[in-house]
Amino acid sequence: MLIRIVEDSQRWMMKMKAKMSKQPRKQRKARYNAPLHILHKYMSAPLSQDLRSKYGKRSFPLRKGDTVVVMRGDSRGKEGKVRTVDLKREKITVEGVVISRSDLSEVPRPMHPSNVMITKMELKDKQRESALSR
């Protein structure tokens, strides 16, 4: 009888810990104030079919040097390497994807990582390789 009460209280405690707010304002606040190691996970992009079948994962965080294909927007279909990854703004830039300014200079076009697909990954880092094998 005593064991059952303890089990019930543990189950109740688990339920209390798992509860999160559903309010959009609190979700936005949590995302805005998230630490960098959490922001890195927000920078995930879907993997191509080849990589998906090879690693058994659907998406993976982007890094500088990954080769991606733009899937959405005016630059759809363009392929290039990731030039920069901006965690605070949650944007990336890709080589060859630019905007022309009125003075005819070209600047890199920032885009959200969900609008690209990873076709080739930069695997020089041992930790990244081990994360893929998990």
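Take the position in the sequence shown, starting the count at 1, then add 2; the result is the number in this note's numbering.
Note that the Cβ used here is the ideal one computed from N, Cα and C, for glycine as well.
Under the three-state DSSP convention, the category residue i falls into
i, result
"D105", "coil"
"K112", "In the sequence under discussion, the amino acid at residue 112 is Pro, which differs from the Lys named in the question. If DSSP states are grouped into helix, strand and coil, P112 belongs with coil."
"L64", "coil"
"S46", "strand"
"E124", "coil"
"L30", "According to the sequence as given, residue 30 is Arg; it is not Leu. Reduced to three states, the DSSP call for R30 is helix."
"E81", "strand"
"K93", "strand"
"D76", "coil"
Neighbourhood of residue i by C-beta, 6 Å cutoff - its chain only, sequence neighbours within 5 removed
i, result
"P115", "M45, A47, L64 and I94"
"E97", "G82, K83 and R85"
Expected contact under 8 Å - CB spacing of residue i and residue j to nearest Å
i, j, result
"V71", "M119", "5 Å"
"V109", "V100", "6 Å"
Beta-carbon contacts of residue i that lie in its chain and below 8 Å, excluding the five residues immediately before and after
i, result
"Q25", "none"
"A36", "Y44"
"L41", "L89, K90 and E92"
Where residue i falls, given that 16 or more other Cβ within 10 Å makes a residue buried
i, result
"D105", "exposed"
"M22", "exposed"
"D127", "exposed"
> Pairing CB atoms from the region 49-60 with CB atoms from the region 73-85, are three or more of them under 8 Å?
Replying inline: no
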